[in-house]
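Protein chains in written order, with the working numbering: chain A, 4 to 445; chain B, 4 to 445.
Note that the Cβ used here is the ideal one computed from N, Cα and C, for glycine as well.
These figures come from a predicted structure and were not determined experimentally.
Written below as structure tokens is the structure these notes are about.
There are 2 protein chains.
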Amino acid sequence: MTETVDLRVADLHPAVDDPALNSMNFLNEVAQHYPDAVSLAAGRPYEEFLDVAALHRHLDRFRRHLADDLGQSPAQVHRTLLQYGRTKGIVHHLVARNLAVDEDVTVDPEAIVVTVGCQEAMFLVLRALRADPRDVLLAVAPTYVGLTGAARLLDLPVRPVRGGPAGIDLADLREQVRVARAAGLRPRACYVMPDFANPSGTSIGLTDRRRLLDLAAEEDLLLLEDNPYGLFPAPHAGRLPTLKALDSARRVVYLGSFAKTVLPGARVGYVVADQRVAGADGTVSLLADQLAKIKSMVTVNTSAIAQAVVGGALLEHGCSLVAATVRERAAYGRNLRHLLDGLARRFPAGTSPVRWNVPAGGFFVVLTVPFGVDDALLHRSAREYGVLWTPMAHFYAAGAPVDALRLSVSAVTPDEIDLGLDRLAALVADETARRAATAEVG
Amino acid sequence: MTETVDLRVADLHPAVDDPALNSMNFLNEVAQHYPDAVSLAAGRPYEEFLDVAALHRHLDRFRRHLADDLGQSPAQVHRTLLQYGRTKGIVHHLVARNLAVDEDVTVDPEAIVVTVGCQEAMFLVLRALRADPRDVLLAVAPTYVGLTGAARLLDLPVRPVRGGPAGIDLADLREQVRVARAAGLRPRACYVMPDFANPSGTSIGLTDRRRLLDLAAEEDLLLLEDNPYGLFPAPHAGRLPTLKALDSARRVVYLGSFAKTVLPGARVGYVVADQRVAGADGTVSLLADQLAKIKSMVTVNTSAIAQAVVGGALLEHGCSLVAATVRERAAYGRNLRHLLDGLARRFPAGTSPVRWNVPAGGFFVVLTVPFGVDDALLHRSAREYGVLWTPMAHFYAAGAPVDALRLSVSAVTPDEIDLGLDRLAALVADETARRAATAEVG
């Protein structure tokens, strides 16, 4: 007798069967199945600097801020922290101050929507922009899987734009806009991570940032700038202005995260959406207000308690996350350096066909190997070699394996990097030999 | 010169211009515009029992639970509270225990997804079920606007089922299923709030609950049971078993909220989705796991800090929210009694044409008046009479005004109820006279 079933996957939204939505699940399952493997896969922040005691301190600090700085009465403080709250959030003024202090970006706090992590921010923006079956999104490839998944849930096709070593191929972006429009489609925006992108690690240079903004104006395109890693340049590498800082024409919708700078467990992010939106009746509103309407039907508002923790952390450092993340920046910079040095030792330029890029910061390095890299190889790597990494194929539209893998330095120690790289080098050597043998036999 | 605009509402998803999404905004704006008016409109919980100090206590309690009861190491506790977390949540086992203790419902904790409030739970379920343009949702009318809005965001039409004094008209439900199917549509589920519904205040009797489950089985229909108010019966009124407690055939997807029982500011709710889902490859999963995939692309996971606060509150009372809400139940029961008595004094049965229902619990009473009730009247009520309430038209598909309004007793004191009802009685008297005069002139 077969097991009774109540529903069929085929009767649910097709996204639940999509590679993008199953990718994270798959990678988490592999990690759980091999807990003793060294993980050069996890993109989560380093845990040592997170602090349970800080939760209480930040909550108290934000409570005092409401009373002392904003002049709220005890009843108002009580209501702000404990009741249903403002849809656009209660730390918007601190986010605006943070953007002014750290990014030289001046925004009206009313143009900010505080969200349940950056993921909800992306989701709200894509929901707003996807109005019609002709709408498509452009995204620099390889693409963060959270973007691809959110778009899939909203039946919004994502069309890749070549990334390349410069972070974005502007000629290809222009071409993709042309091709989409020629096909009767509406490219609503281009998604881009200009600083130390996930998964590629690449950054867009200053000149190209300006050119990208010009192109967006010429082509009447919005840019969705996602910036989770911008505060983590490698030691002695500088930080570049964000697209939003260079944006004088409200072309950029800016997606912000506190997961890597304050606390992943808070699930607080935000979107800056200062675009002016004309209603049929001639009224003009901010895009942020349209996003807030959508948010009211997705999550109502972001947890006030979670926001208070982030608010307190911001206040503790004068709203500067550059100041708040000195230790993190040092650790990530050290790890990135250690990984790059370790790769150079294990895969010498003259003799090894293995190649990698040299990111100017962030969490990720892409390693190109002389063979296809698929999920089966990841399983084998975990089981037989004890090292985890991420197949780059997960960041491209479903299809053939890609001959590259992503290494992450965010959640490991230098010793773990050494151990992981030793194991990875063994895998690469064995796999190269195995495939050479197969080729000879073939 | 006209103001520069960047986008047009007409180019965004049509939901942003929909009455359902603008309804809450409108009502909030009226409330903000008349802060001195007595609010018989607000459905938020009573604030006096909320407690900032409890946040710290609950956080600590849940932290100890992770270590002492679940045996987590200090590093694991740290990770559970502060890192990215399990998509389906970290208080699922406590939610399951709560359902066993308070609702006599036995569910596998793996069938629970902890969500950013009940709103996200609804959103995830509707996203999963809306697979095709032929899909429609049935919902008892008048309908909670959060359901209507979520469905609108997902392009899922909502078709009303008559509610009436019994809470649901089962013959009409059967007829609406028939009509939809005859039109080539797929009714995926029927949304129902069997206990003290928002906005109607009505409840479904035990016999009708069983009949509804039978009908769902016969028609192969899921039931979405939303139960935010079930713990608040009027004094001496009993509680009925939930549909989920009576559900022996996994027909019910149960939507739970902690906003009214623990803390609105936490934004923690959940869905019980124990339905078995068959994949094309023959694998069988829980609907909860399909919802988790969707959640991973909407909010990733629910704030661990917010969950910890709710978890601590549950632990403090042995996971019984019946035990935790003794004061709240007394206050809401007293207020409901006070409102009903006050209505009877001000609108005597023999002489007044005003009528109202007598809910067996919850926050809401519907008042029927001898004139149409629209937003303009609400504005006048706020401005000239100093009392707020909710036009029932907001809970029906857009159209003509309805001659009824919703009164809420959740966020007021008995004195405020008296004051509000005095003002409301004055409005009703003036409006009845005014319309009578207009009719005579006409």
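Can you tell me where the alpha helix (DSSP H) with residue i in it begins and where it stops?
i        : result
B/Arg330 : Val329 to Arg349
A/Cys121 : Gly120 to Leu132
A/Ala57  : Val55 to Arg67
A/Ala447 : Coverage of chain A is limited to positions 4 through 445, which leaves residue 447 of chain A absent and any answer about it impossible.
B/Glu32  : Pro22 to His36
A/Val274 : Looking at the DSSP string, A/Val274 is not in any alpha helix (DSSP H); the run it does join, the beta strand (DSSP E), is Gly272 to Val275.
A/Pro163 : Careful: A/Pro163 lies outside any alpha helix (DSSP H), inside the beta strand (DSSP E) at Val161 to Arg165.
B/Asp211 : Leu209 to Glu222
A/Leu422 : Pro417 to Val444
B/Val313 : Ala307 to Glu319
B/Asn101 : His95 to Glu106
A/Thr151 : Val148 to Leu156
For residue i, I'd like the list of residues in its chain whose CB is within less than 7 angstroms of its CB, leaving aside the five on either flank, ordered along the chain.
i        : result
B/Phe44  : The amino acid at residue 44 of chain B is misidentified as Phe; the sequence shows Ala. The answer, listed in chain order, is Leu30, Ala34, Leu391, Trp392, Thr393 and Ser411.
A/Met4   : Confidence is the limiting factor: at A/Met4 the pLDDT is only 38, short of 50, which leaves the residue's position unreliable and the question unanswerable from this model.
A/Arg64  : Gly315, Leu318 and Glu319
A/Arg130 : Leu157 and Ile297
B/Leu218 : Leu173, Leu176 and Arg177
B/Ile420 : Asn338, His341, Leu342, Gly345 and Val412
A/Gln293 : Ala131 and Val280
A/Leu58  : Val312
B/Pro112 : His95, His96 and Ala99
Please go through the same chain and pick out, in chain order, the residues whose beta-carbon is closer than 8 angstroms to the beta-carbon of residue i, but skip the five residues on each side of it.
i        : result
B/Arg189 : Asp135, Arg137, Asp138, Val139 and Ala183
B/Val287 : Arg279, Val280 and Ala281
A/Ala252 : Leu216 and Ala220
B/Asn201 : Gly46, Tyr147, Pro231, Tyr232, Gly365, Phe366 and Phe367
Counting only the same chain and skipping the five closest in sequence on each side, list residues whose C-beta sits under 6 angstroms from that of residue i.
i        : result
A/Phe350 : Val357
A/Tyr194 : Ala142, Leu150 and Leu227
A/Asn304 : Gly88 and Thr90
B/Ala396 : Pro404 and Val405
A/Asp175 : Val164 and Arg165
B/Ala401 : Pro22
A/Leu69  : Gln75, Val80 and Thr83
B/Leu427 : Val390
B/Ser384 : Val390 and Leu430
Residues bridged to residue i by DSSP?
i        : result
B/Phe367 : B/Ser411
A/Glu228 : A/Val195 and A/Tyr257
A/Leu10  : B/Val280
B/Arg189 : B/Asp138
A/Ile115 : A/Val275
Rounded to whole angstroms, how far is the Cβ of residue i from the Cβ of residue j, which I believe are closer than 8 angstroms?
i        : j        : result
A/Val376 : A/Pro404 : 6 angstroms
B/Ala237 : B/Ala363 : 6 angstroms
A/Val80  : A/Arg66  : 6 angstroms
A/Ala124 : A/Val274 : 4 angstroms
A/Tyr388 : A/Leu430 : 5 angstroms
B/Gln122 : A/Gly268 : Not quite, the Cβ-Cβ distance comes to about 21 angstroms (not below 8 angstroms), so this is no contact.
B/Gly92  : B/Val117 : 3 angstroms
A/Ala407 : A/Thr371 : 5 angstroms
B/Leu24  : B/Arg213 : The Cβ separation is near 36 angstroms, so there is no contact.
B/Arg270 : B/Ala309 : 6 angstroms
Between which two residues does the beta strand (DSSP E) holding residue i run?
i        : result
B/Ser288 : Val287 to Leu289
B/Val280 : Arg279 to Ala281
B/Val139 : Asp138 to Ala144
Using only the heavy atoms of the ligand PLP, determine whether one of them is closer than 8 angstroms to the beta carbon of residue i.
i        : result
B/Trp359 : You won't find the ligand PLP in this model; it holds no ligand whatsoever.
Requested in this report: Inspect the CB distances between the segment 44-53 of chain B and the segment 260-267 of chain B and report whether three or more fall short of 8 angstroms.
Outcome: yes
Query raised in the report: Contact between the segment 311-321 of chain B and the segment 153-171 of chain A: three or more CB pairs below 8 angstroms?
Result: no
Query raised in the report: Using 8 angstroms as the Cβ pair cut-off and three pairs as the minimum, do the segment 332-347 of chain B and the segment 242-249 of chain B touch?
Result: no
Report task. Assess, as a yes-or-no matter, whether the segment 10-21 of chain B is touched by the segment 366-384 of chain A under the definition of 3 or more beta carbon pairs within less than 8 angstroms. Result -> no
Query raised in the report: Between the segment 155-162 of chain A and the segment 100-114 of chain A, do at least 3 Cβ pairs fall closer than 8 angstroms?
Result: no
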